[in-house]
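Going by numbering that gives the first Met the number 0, the first residue of the sequence shown is number 0, and it counts up by one from there. A short write-up of the structure that comes next.
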Amino acid sequence: MQFTAVEKKENLSKEAFKDQYLDPLKPVIFKDLSKDWVAREKWTFDFFEKEYGDITVPIFDPDNYFRSGKHYMKSYFRLLFGDYLKLIQSTPTNLRLHIFQIMKEAPELTKDFETPEIMSDFLKKFPAMFFGGKGATLRLHYDLDCSHVFLTHFQTRKEIFLFPYEQRSFLYHLPYTVQAEVDIMNPDYRKYPALKNANGYHAILEHGETLFIPRRYWHCVHYCEPGFSLSVRSNDSIRYTLLGLWNIGRHFIIDKGMNQFFGERWLAWKSKRAFEKANKWKLKSNVA
Ligand SMILES: O=C(O)CCC(=O)C(=O)O
Ligand SMILES: [Fe+2]
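Shown next as structure tokens:
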């Protein structure tokens with residue numbers, strides 16, 4: 000596996016962004032996209048705890064989420080937001096608060112940031128927040144809806160690994176899902192030899208920085224410290240909006256349905272298919 004550092008930019012014009020990053024689908028970090036946002040100073044753990052601590056939130060339980068059976072892709076339990084924030088500040092934990100649409104409950108928070116002007120077609124309904132404890136790591140995935148994502152991190156740091164969509168075979172993409180089987184943080188090249196060919200990007204996102212994740216980019220996020228981010232999304236293409244809808248249908252109907260009927264056997268079949276696709280590369284490179 001090889002990684003190139005994601006470039007960090009200031010004063011990037013709309014035109015330069017389009018030419019250098021949006022059109023070629025290349026990630027970039029904006030150091031100053033959030034420079035005038037109130038959120039940059041105001042949004043702290045204490046602020047969220049004091050103002051919104053009594054909201055009940057669904058906590059994502061990664062240990063059960065990907066197991067076959069009735070918990071598959073819906074393993075959550077509920078906590079008070081304040082208790083969750085206390086927990087992640089006091090101890091390392093991989094418990095996360097994922098796609099938290101806090102603005103539905105606290106619309107005043109939308110005044111604390113601005114929709115970026117760097118491109119158009121932002122989906123106004125979908126700003127969401129992500130919280131995680133120290134050490135939390137998201138499995139490598141791409142976003143179902145095929146939007147471009149602008150992810151702004153606050154207060155602490157987090158580490159992100161990214162790969163273009165086309166690298167999916169090297170990453171052991173599990174069919175009918177947007178998930179990959181490999182663990183990027185602990186690569187096992189014996190089990191996953193094709194992973195050696197993967198070429199990606201690496202970034203450490205600091206307070207106030209915004210990462211542009213081009214649509215369908217694979218990403219794995221590692222919380223170096225407890226932290227939180229805001230994501231805003233843009234979808235500037237009908238084709239990719241439709242593909243997003245297809246992904247959502249495929250996920251809810253085919254993948255979840257097959258899991259319900261076949262459980263472990265469905266998971267094993269997807270993994271087998273991921274290996275078959277990755278091994279095609281081996282066959283090709285043996286011939287060459
Ligand atoms: O930062 C996170 O916890 C997850 C971010 C992510 O996967 C996304 O914005 O799509
Ligand atoms: Fe994501």
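Using N, Cα and C, we set each Cβ at its ideal position, and we do this for glycine too.
Residue i beta carbon near ligand 2 (any heavy atom closer than 7 Å)
i, result
"D142", "yes"
"H172", "no"
"H218", "yes"
Supposed contact pair residue j and residue i - C-beta distance, whole angstroms, cut 8 Å
i, j, result
"Y141", "Y171", "Rounded, the Cβ-Cβ distance is 14 Å, inconsistent with contact."
"H132", "Y222", "First, the amino acid is wrong: residue 132 is Gly here, not His. So it is a contact: roughly 6 Å between Cβ atoms."
"N234", "T240", "5 Å"
"L32", "P115", "6 Å"
"F130", "C219", "Not a contact, Cβ separation roughly 17 Å."
"I183", "P26", "The pair is not a contact, with the Cβ atoms about 15 Å apart (cut-off 8 Å)."
Residue-level contact to chain D via CB, residue i, 8 Å cutoff
i, result
"T209", "In the displayed structure, chain D is absent; only one protein chain is listed."
Nonlocal neighbours in the same chain, by C-beta distance under 6 Å from residue i, ignoring five residues either side
i, result
"L266", "S67"
"K7", "I28 and K30"
"V286", "Here V286 scores only 47 on pLDDT, less than 50, and its place in the model should not be relied on; the value that follows carries that caveat. Excluding sequence neighbours, V286 sits near nothing in its chain."
"Q166", "A197"
"K269", "L173 and P174"
"M102", "L108, T109 and P126"
"R272", "P174"
"L11", "none"
"P61", "N93"
"A277", "S168, Y171 and A193"
"E158", "I203, H221 and C223"
"R39", "S33 and G207"
Check: residue i C-beta below 7 Å from any heavy atom of ligand 1
i, result
"S228", "yes"
"V56", "no"
"V177", "no"
"G131", "yes"
"R138", "no"
"V181", "no"
"V289", "In this structure the chain extends from 0 to 287, so residue 289 is not present and cannot be described."
"L150", "yes"
"R215", "no"
"R95", "yes"
Element boundaries [beta strand (DSSP E), containing residue i]
i, result
"W245", "It is not in any beta strand (DSSP E) - W245 instead sits in the alpha helix (DSSP H) that spans I237 to G248."
"N196", "Taken as a continuous stretch (DSSP letters only), N196 belongs to no beta strand (DSSP E), as it is neither H nor E."
"A135", "It is not in any beta strand (DSSP E) - A135 carries neither H nor E in the DSSP assignment."
"I212", "T209 to I212"
"Y222", "W217 to Y222"
"P57", "T55 to F59"
"G131", "A127 to G131"
"T3", "Q1 to A4"
N- and C-terminal bounds of the alpha helix (DSSP H) containing residue i
i, result
"Y83", "F80 to S89"
"N258", "K255 to F261"
"A15", "K13 to F16"
"K103", "I101 to E104"
"F46", "F44 to Y51"
"A38", "A38 to K41"
Chain-order list of residues whose beta-carbon lies under 8 Å from that of residue i (same chain, five-residue window excluded)
i, result
"A4", "Y200, H201 and A202"
"Q88", "F44 and P225"
"K41", "D111"
"I58", "Y75, F76, R77, L78, Y83, L94, R95 and L96"
"K279", "S168"
"K124", "none"
"I253", "Y175"
7 Å CB neighbourhood of residue i in its chain, flanking five on each side removed
i, result
"A127", "I98, F99, Q100 and S230"
"D18", "none"
"E9", "K30 and D31"
"P186", "M0 and L194"
"L21", "M118"
"L293", "In the structure as shown, the chain begins at 0 and stops at 287. Residue 293 is therefore absent and cannot be evaluated."
"D53", "L79 and G81"
Residue i: CB within 7 Å of a non-hydrogen atom of ligand 3
i, result
"S33", "In the structure shown, ligand 3 is absent; the only ligands present are ligand 1 and ligand 2."
Counting pairs of beta carbons, one from the region 252-267 and one from the region 147-154, are three or more of them closer than 8 Å? For the pair of segments examined, the region 252-267 was found not to touch the region 147-154: the number of CB pairs separated by less than 8 Å stays below three.
Contact between the region 205-214 and the region 121-139 is defined here as three or more beta-carbon pairs at a separation below 8 Å; is this criterion met? Under the Cβ criterion (8 Å, minimum of three pairs), the region 205-214 does not count as touching the region 121-139.
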